[in-house]
Amino acid sequence: LLTVKETVEFGPQHERMTVDKYRRKVEEFIRELVKSNPVLQKISQGVNVTNEEIDELANILKEHYPHVTEYILREVYDNRSAKFIQFIKHILGIEEIATFTETVSIAFGDFLRKHNNYGEKQIQFILTLKTFVLQRGAIKKKDLISAPFTQLHPEGIRGVFKPKEIEEIIELTQEIAS
Numbered sequence: 004l005l006t007v008k009e010t011v012e013f014g015p016q017h018e019r020m021t022v023d024k025y026r027r028k029v030e031e032f033i034r035e036l037v038k039s040n041p042v043l044q045k046i047s048q049g050v051n052v053t054n055e056e057i058d059e060l061a062n063i064l065k066e067h068y069p070h071v072t073e074y075i076l077r078e079v080y081d082n083r084s085a086k087f088i089q090f091i092k093h094i095l096g097i098e099e100i101a102t103f104t105e106t107v108s109i110a111f112g113d114f115l116r117k118h119n120n121y122g123e124k125q126i127q128f129i130l131t132l133k134t135f136v137l138q139r140g141a142i143k144k145k146d147l148i149s150a151p152f153t154q155l156h157p158e159g160i161r162g163v164f165k166p167k168e169i170e171e172i173i174e175l176t177q178e179i180a181s
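In terms of my numbering, the sequence shown has 154 at position 151, counting the first letter as 1, and numbering is strictly consecutive.
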């Protein structure tokens with residue numbers, strides 16, 4: 004099963020807090036700051052902001068408790084690819100961002116629907132791959148010919164799929180990882 008990081012370390016004093024509590028603190032801080040920060044006001048009104056304004060906002064959030072950074076936001080919102088501005092828009096209720104788990108689940112679900120001719124062993128392989136990606140965050144080609152995939156076939160992916168199908172599966176995992 005999926006292991007979830009339950010605490011987050013933040014700030015110059017390396018404080019620790021549960022992910023949920025930290026997320027609530029960040030959201031409260033940003034919603035309160037909207038009242039006085041012109042950049043957040045522009046964002047909340049749907050006005051485009053410059054990269055300089057985003058950097059200025061990022062510095063303000065980093066300097067003040069709870070010391071918000073893009074890296075920490077990626078951890079607490081379980082999203083490895085969203086940009087700082089996307090997290091801010093999400094917190095302000097302007098934009099939805101999917102978690103890594105949601106992104107992986109949707110991608111693998113779509114892949115299996117597209118390949119509805121797969122047999123039982125192939126489906127089991129894809130579901131094992133999904134679990135592997137959720138647990139590890141990424142996958143290398145060599146992983147596909149090692150355990151747990153060799154438990155489904157001694158040759159791993161090579162024993163379950165044709166070369167063209169293998170290419171599609173590798174493309175899928177690369178898209179998810181990016």
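All C-beta atoms, glycine included, are put in the ideal place defined by N, C-alpha and C. Just so you know, these numbers come straight off a predicted model, no measurement behind them.
Would a C-beta distance cut-off of 8 Å place residue 94 and residue 170 closer than the cut-off? For the purposes of this step, residue 94 is taken as residue 91 along the sequence shown, with counting starting at 1. For the purposes of this step, residue 170 is taken as residue 167 along the sequence shown, with counting starting at 1. No, the Cβ-Cβ distance between residue 94 and residue 170 is not below 8 Å.
Distance, Cα to Cα, residue 45 vs residue 33? For the purposes of this step, residue 45 is taken as residue 42 along the sequence shown, with counting starting at 1. For the purposes of this step, residue 33 is taken as residue 30 along the sequence shown, with counting starting at 1. Using only the alpha carbons, I get a separation of about 13 Å.
Going by alpha carbons, who is nearest to residue 158 out of 63, 147 and 166? Mapped onto the sequence shown, residue 158 falls at position 155. Answer by Cα proximity: 147.
Would you tell me roughly how many angstroms separate the C-alpha atoms of residue 126 and residue 115, rounded to the nearest one? Stepping through the sequence shown from its first residue, residue 126 is reached at position 123. Stepping through the sequence shown from its first residue, residue 115 is reached at position 112. So the two alpha carbons sit approximately 7 Å from each other.
For the stretch 132–144 and the stretch 102–114, state whether three or more C-beta atom pairs, one from each stretch, are separated by less than 8 Å. yes
Could you tell me the boundaries of the beta strand (DSSP E) in which residue 77 lies? Here residue 77 is taken as the residue at index 74 of the sequence shown, counted from 1. Note, residue 77: premise wrong, no beta strand (DSSP E); alpha helix (DSSP H) at 73–79.
Candidates 69, 173, 178 and 40: closest to residue 200 by CA position: The structure shown does not extend to residue 200, since the chain spans only 4 to 181, so no value can be given for it.
My guess is that residue 124 and residue 155 are in contact by the Cβ rule of under 8 Å, so how many angstroms apart are they, rounded? The sequence position of residue 124 within the sequence shown is 121, counting from 1. The sequence position of residue 155 within the sequence shown is 152, counting from 1. Contact holds; Cβ gap of about 6 Å.
Roughly how many angstroms separate the alpha carbons of residue 64 and residue 103, rounded to a whole number? One-based indexing of the sequence shown puts residue 64 at position 61. One-based indexing of the sequence shown puts residue 103 at position 100. Distance between the alpha carbons of residue 64 and residue 103: 24 Å.
Using 8 Å as the Cβ pair cut-off and three pairs as the minimum, do the stretch 68–84 and the stretch 8–17 touch? yes
How far does the alpha helix (DSSP H) with residue 55 in it extend, from its first residue to its last? As a working mapping, residue 55 is identified with position 52 in the sequence shown. Run containing residue 55: 54–66, per the alpha helix (DSSP H) assignment.
Taking C-beta to C-beta, are residue 37 and residue 56 nearer than 8 Å? Here residue 37 corresponds to residue number 34 of the sequence shown, with the count starting at 1. Here residue 56 corresponds to residue number 53 of the sequence shown, with the count starting at 1. No. Outside cutoff.
If you draw a straight line from the alpha carbon of residue 6 to that of residue 172, how long is it in whole angstroms? Position 3 of the sequence shown, counted from the start, is the residue given in the question as residue 6. Position 169 of the sequence shown, counted from the start, is the residue given in the question as residue 172. At residue 6, the pLDDT of 46 sits below 50, so the modelled position is not reliable; the number obtained from the coordinates is stated separately. In a straight line, the C-alpha of residue 6 is about 24 Å away from that of residue 172.
In this structure, how does DSSP classify residue 42 when only helix, strand and coil are distinguished? As a first step, residue 42 is located in the sequence shown; it is residue number 39 there, counting from the start. If DSSP states are grouped into helix, strand and coil, residue 42 belongs with the helices.
Look at the Cβ atom of residue 185, then the Cβ atom of residue 89, and state whether they are nearer than 8 Å. In the structure as shown, the chain starts at 4 and stops at 181, and residue 185 therefore has no counterpart that could be examined.
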